[in-house]
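Asker: Chains as they are written, first to last, in the numbering used here: chain Y, 1 to 125; chain H, 1001 to 1179. The structure is given below, and queries will be raised subsequently.
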C-alpha cells in the first residue's frame, strides 16, 4: 500500500530532523562558551572575507538555471512516456505514433540546445 | 484512533499537519520582511503541497512538484532575487505598501478561483470518479499525453524552446559585457 510507504518516509524524515535538533541542543548545553575575535571571524582558518555575502550573482548562472529547468521539464514528460510506451504492445500504430511524438519533442529541444551551444552560452568565461 | 468521540484516521492527521505547514509557510511568504527568507518559505510551502499530492495517491504529481517547483522554480526565484537586488537598488526588503488593498485583492482572487474550481467540469468528473487507485497516475498521464493532448504536448516543447531562446537573448549581452 502506497500510504504505508509514505508513512515510512515521514517517520524517517521526522527522526532525521529530530536527530539534528537534539544534537544541536545537546552540544549547545554541554560545550564551553569562550568567544574571541579569531573564533568569531567568518573563516577561522585565516581567510578575510571582502564585502558582504549577499551580492549580485553573475547572469551566467541564470542561463544555466533556465537550461536546467527546461530539461527538468523534459524529464517529467519523458518519464510517464517511457513507463507507458510498452503498455501499447497490442496497439502497434499507437506505439509508433507515441515514439514519433517523443522524437519530435526531443528534437525541438535539441535544436534549442544546439543553438545555445553554438552561441557559446555554455562556455564559462 | 478515537479522540473526543471522533474517529480519526492517520490519513486525516497527515492531511492536517501537511495542510497546516503549507498554509503557515504560505503566510510567512507574504508576511516576512526579508524577501530571501520568503522565497525559502515558498519552497517549504511547495514541498508540503507535494506531500498533499502523495496523500491523494498521486506520487507522480508529488515527484513533479518536488522536481520542478521545489528544485527548479525556487532556485530560479532565489537566483532572480540575487540578480536583481543590486541592479534595481531594492535590497532584500519586501515592499508592502497597502496591506488592506492587498488583502482585498487576495480575497477577490480567492473568491474567483474558488467559484471557478467548484463549478468546473474536471472537479465534478474527478469527484464522480472517486479516489485514485495506487499506480494509476503515470499510465493515465502518458495516455492523456499521447492520445487526446498530443498537440499541446508538442506545443510544450516549442514553448520551452522559446524560453531558452528568450533567456539566452536577454542574458547573453551581459555575459559578453562582463568578459
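Glycine included, every Cβ here is placed at the ideal spot set by N, Cα and C.
(1) How long is the line joining the alpha carbons of residue 1120/H and residue 74/Y, rounded to whole angstroms?
(2) Can you tell me whether residue 1057/H is helix, strand or coil according to DSSP?
(3) Grab the span of the alpha helix (DSSP H) containing residue 74/Y for me, first residue to last.
(4) Can you tell me where the alpha helix (DSSP H) holding residue 127/Y begins and where it ends?
(5) Report the option in 1156/H, 1067/H, 1167/H and 1057/H whose CA atom is closest to the CA atom of residue 6/Y.
(6) Which residue from 69/Y, 84/Y, 72/Y and 64/Y puts its Cα closest to that of residue 120/Y?
(7) Helix, strand or coil: how does DSSP classify residue 1119/H here?
(8) Chain Y partners of residue 1139/H, CB-CB under 9 Å?
(9) Let me see if you follow: with CB-CB separation under 7 Å, is residue 1072/H close to chain Y or not?
(10) Measuring CB atoms only, is the segment 1150-1167 of chain H touching the segment 86-104 of chain Y, in the sense that at least three cross pairs come out at less than 8 Å?
(11) Taking a contact to mean a Cβ-Cβ separation below 7 Å, would you say residue 1047/H touches residue 1016/H in this structure?
(12) Among the candidates 1031/H, 1168/H and 1079/H, whose CA atom is the shortest distance from the CA of residue 112/Y?
(13) Do the segment 1020-1029 of chain H and the segment 23-30 of chain Y make contact, defined as three or more Cβ pairs closer than 8 Å?
(14) For a contact meaning CB atoms closer than 7 Å, what does residue 1157/H contact in chain Y?
(15) Find the residues of chain H that neighbour residue 68/Y, judging by a C-beta separation of less than 7 Å, and give them in chain order.
(16) Along the chain, which unbroken stretches of the alpha helix (DSSP H) at least 4 residues long are found entirely within the segment 6-49 of chain Y?
(17) Could you check the C-alpha separation between residue 1178/H and residue 1133/H for me, to the nearest Å?
(18) Just to confirm my understanding: we take residue 1014/H, look at its own chain, exclude 5 residues before and 5 after, and list those with CB closer than 7 Å. What are they?
(19) With distances taken from CA atoms, which of 1099/H, 1066/H, 1065/H and 1068/H is nearest residue 1033/H?
Answerer: Well, looking at it:
(1) Going from the Cα of residue 1120/H to the Cα of residue 74/Y covers about 29 Å.
(2) Annotated three-state conformation of residue 1057/H is coil, per DSSP.
(3) Start and end: 60-84.
(4) No answer is possible for residue 127/Y: it lies beyond the span of chain Y, which begins at 1 and ends at 125.
(5) Per the Cα distances, 1057/H.
(6) Closest option to residue 120/Y, judged by alpha-carbon separation, among 69/Y, 84/Y, 72/Y and 64/Y: 64/Y.
(7) The answer is helix: DSSP assigns residue 1119/H an H, G or I state.
(8) Neighbours of residue 1139/H on chain Y, chain order: 80, 83, 84 and 87.
(9) Yes - at least one Cβ of chain Y is within 7 Å of the one on residue 1072/H.
(10) Note that the segment 1150-1167 of chain H touches the segment 86-104 of chain Y; at least 3 beta-carbon pairs, one per stretch, sit closer than 8 Å.
(11) Not closer than 7 Å, so no.
(12) Just measuring C-alpha positions, the residue of 1031/H, 1168/H and 1079/H sitting nearest residue 112/Y is 1168/H.
(13) Taking 8 Å as the limit for Cβ pairs, the verdict is that the segment 23-30 of chain Y does not touch the segment 1020-1029 of chain H.
(14) Taking the beta carbon of residue 1157/H as reference, the chain Y residues within 7 Å of it are 105, 108 and 109, listed in sequence order.
(15) By Cβ distance, chain H contributes 1072.
(16) Fully enclosed alpha helix (DSSP H) runs of 4 or longer: 37-40.
(17) With a pLDDT of 47 at residue 1178/H, under the threshold of 50, the modelled position of this residue cannot be trusted, and the question is left open.
(18) The beta carbon of residue 1014/H is closer than 7 Å to those of 1055 in its chain, skipping five residues each way along the sequence.
(19) Among 1099/H, 1066/H, 1065/H and 1068/H, the Cα nearest to that of residue 1033/H is on 1099/H.
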